[in-house]
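Written out below as structure tokens is the structure these notes cover.
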């Protein structure tokens, strides 16, 4: 875990399984984060429809792969 890094995503609850399928192979793990534990998340999230997900990337995952995931989840789908 010392040579990996993480990102936090805010996604719709109903799309959680789809999101996990998209990060599979790119991430060591992905898990939900209680939004109330971090003020910046709490202010960004709609607790009724969204969840915060932290993704711990594999060391071999490239920036290009992460940007492709970001493009799908933030520019096309979300």
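Numbering (the numbering used here), first residue to last: 538 to 615. For each residue, glycine too, the CB sits at the ideal point set by N, CA and C.
* Closest Cα partner of residue 569 within the set 581, 561 and 548 -> Locating residue 569 in the chain shown gives position 32, counting from the first residue. Of the listed residues, the one whose Cα sits closest to residue 569 is 548.
* Rounded Cβ spacing between residue 563 and residue 595 (contact assumed at less than 8 Å) -> Within the chain shown, residue 563 is the residue found at index 26, counting from 1. Within the chain shown, residue 595 is the residue found at index 58, counting from 1. That pair is a contact at about 6 Å.
* Assuming residue 543 and residue 593 form a contact by the criterion Cβ under 8 Å, report the distance between their Cβ atoms to the nearest whole angstrom. => Numbered from 1 along the chain shown, position 6 holds the residue referred to as residue 543. Numbered from 1 along the chain shown, position 56 holds the residue referred to as residue 593. Between residue 593 and residue 543 the Cβ distance is about 5 Å, and since that is below 8 Å, they are a contact.
* Asked: Which residues mark the beginning and the end of the alpha helix (DSSP H) in which residue 567 is found?
  -> Against the chain shown, residue 567 aligns to sequence position 30. Where residue 567 is concerned, there is no enclosing alpha helix (DSSP H), although the beta strand (DSSP E) it sits in stretches over 564–570.
* Asked: Smallest Cα separation from residue 597: which of 565, 608 and 577?
  -> Residue numbering aside, residue 597 sits at position 60 when the chain shown is read from its first letter. Checked all of 565, 608 and 577; the closest Cα to residue 597 is 565.
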